Amino acid sequence: MPARILIVEDSTLVTDAFSILFSETGYDVDVAATVAEAIERGTANTADIMLLDLSLPDGNGLEVLEALRERGVPPRATLAMTGHDDAKTRRICLEAGCAEVLLKPLPIGDLLRHIQRHLA
Amino acid sequence: MSMSDRLDPAALKKRVKALEAQAKEAQSTIDELKSRESLKTQFLSNISHDLRTPLAAIITHAEILRDGMLGELNTKQRESVRGIVNGGQQLLDMIDEILTYVRSEGDQIKLARTEFSITEVVDQVRMLNQPLAAKKQLTIERLNGDDLPPVYADRDKLRHVLGNLIGNAIKFTSDGGRIWIGLSRRGRNGEELLVEVGDSGQGIAREHHELVFREFAQVDASPSRPHHGTGLGLAIARKLVELHDGTIWVDSELGKGSRFFFTVPLDAPRG
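Residue numbers (my numbering), protein chains in the order written: chain A, 951 to 1070; chain B, 152 to 422.
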């Protein structure tokens, strides 16, 4: 069964691009635009990888990870995606349990490599 | 003003009132300017952030096409899509430069100082710029520095400054030219590191030496200028050097190349 990637991001421009990228490279793709939607999706189908945007319309992306943990259905790895490359954001994400903090946008080759590494 | 005027309490009172009114007006002008300044900073920060998202989508789509994920492209198609990726990447770099500038203006940049080898960082930045330099048959060499003690500074910030200076040198030096990095000690006890980034490029007229470090300033600001950019690179470099209590300056003449210098402390403060 292909690995499942949950994309949590409120810009449809970005999720459209990612959906094409991941489905073309053989993954199952799920998309959520809000914290609430991400919790619902992530609970219905446990994700292998969650790509997590930090600023969502109804709250902070890290709340999603916390909620999925509490429900006992955390993704195998959560990769936070942020536009700010600062030490504080990085520390907060890692402390919250993200496996990695990626500065977006990163070249698709790099993104795919990061994902493969966490699935291995 | 006559003697009697000066001593007249009523006139004095009137004068004090007038001065108070003037002071109040000046204060309100200052407040107004401050709030406009912070509005400008906020605006730049927001717009840079909002520009990144659609740009990220454009670059991702173009990369998907370029890498043949939706079917192989012919040579011309691939070249064209590569142009989209490269152009997008350049635009992204410019937006990031604006964001860095905004943060440095808002005093949001804090230094994370460690001890490290400056020659290592110089060589990293040289390597990183090698492909760009090779396109113009430029050489980038480090002249010396192997005997220097470690510097005590923020490694990423110095890398940024060096990257900016070397990037500019590549941009403004014509094909086949030379770029060099010289390192030496300075100060009474050699407590400072002096870094020189020199090039055999077009040079900068004396009257523009100050201007190049000013934000949004470009020596050639005409729309037809051959080199585009935000005009923020050197303003950021200066800010980052000054955060280290260092100084940055340029020595150059038109047509005779440029030598940019900056200083940073070498050792961690004792005690």
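C-beta: ideal position from N, C-alpha, C; glycine also.
Only a predicted model underlies this, so the values are computations on that prediction, with no experimental measurement involved.
Measuring only between beta-carbons, confirm whether residue i sits less than 9 Å from chain B.
i: residue 1050 (chain A); result: no
i: residue 996 (chain A); result: no
i: residue 1009 (chain A); result: no
i: residue 1057 (chain A); result: yes
Of all Cβ atoms in chain A, is any one closer than 9 Å to the Cβ of residue i?
i: residue 163 (chain B); result: no
i: residue 263 (chain B); result: yes
i: residue 223 (chain B); result: no
i: residue 127 (chain B); result: Residue 127 (chain B) cannot be examined here, being either before or after the span of chain B that is shown, 152 to 422.
i: residue 170 (chain B); result: no
i: residue 243 (chain B); result: yes
Nearest CA to the CA of residue i: which residue from the options?
i: residue 410 (chain B); options: B:369, B:368, B:185, B:329; result: B:329
i: residue 981 (chain A); options: A:974, A:968, A:1057; result: A:968
i: residue 977 (chain A); options: A:962, A:1007, A:988, A:1000; result: A:1000
i: residue 238 (chain B); options: B:191, B:224, B:222, B:210; result: B:210
i: residue 1019 (chain A); options: A:988, A:1004, A:1003, A:957; result: A:988
i: residue 415 (chain B); options: B:181, B:403, B:343, B:311; result: B:343
i: residue 252 (chain B); options: B:195, B:276, B:295, B:303; result: B:195
Once DSSP output is grouped into helix, strand and coil, what is the label at residue i?
i: residue 416 (chain B); result: strand
i: residue 280 (chain B); result: helix
i: residue 315 (chain B); result: helix
i: residue 252 (chain B); result: helix
i: residue 1010 (chain A); result: strand
i: residue 245 (chain B); result: helix
Suppose you measure from the CA of residue i to the CA of residue j; what does that come to, to the nearest Å?
i: residue 206 (chain B); j: residue 407 (chain B); result: 39 Å
i: residue 213 (chain B); j: residue 228 (chain B); result: 11 Å
i: residue 333 (chain B); j: residue 1040 (chain A); result: 35 Å
i: residue 165 (chain B); j: residue 176 (chain B); result: 17 Å
i: residue 247 (chain B); j: residue 392 (chain B); result: 19 Å
i: residue 891 (chain A); j: residue 398 (chain B); result: In the structure as shown, chain A starts at 951 and stops at 1070, and residue 891 (chain A) therefore has no counterpart that could be examined.
i: residue 1070 (chain A); j: residue 1050 (chain A); result: 15 Å
i: residue 284 (chain B); j: residue 323 (chain B); result: 11 Å
i: residue 359 (chain B); j: residue 370 (chain B); result: 7 Å
i: residue 965 (chain A); j: residue 1053 (chain A); result: 16 Å
i: residue 1047 (chain A); j: residue 984 (chain A); result: 19 Å
Along the segment 189-215 of chain B, what residues have a CB closer than 7 Å to any CB found in chain A? Going along the segment 189-215 of chain B in chain order, one finds 200, 203, 204, 205, 207, 208, 210, 211, 212, 214, 215 with a Cβ nearer than 7 Å to chain A.
Tell me which residues of the segment 962-992 of chain A have at least one Cβ-Cβ distance to chain B shorter than 8 Å, keeping chain order. Flagged, chain order: 963, 964, 966, 967, 968, 970, 971, 974, 975.
Near-chain B residues of the segment 1023-1055 of chain A - C-beta to any C-beta below 9 Å: Here the close residues are 1033, 1034, 1035, 1036, 1037, 1054, 1055.
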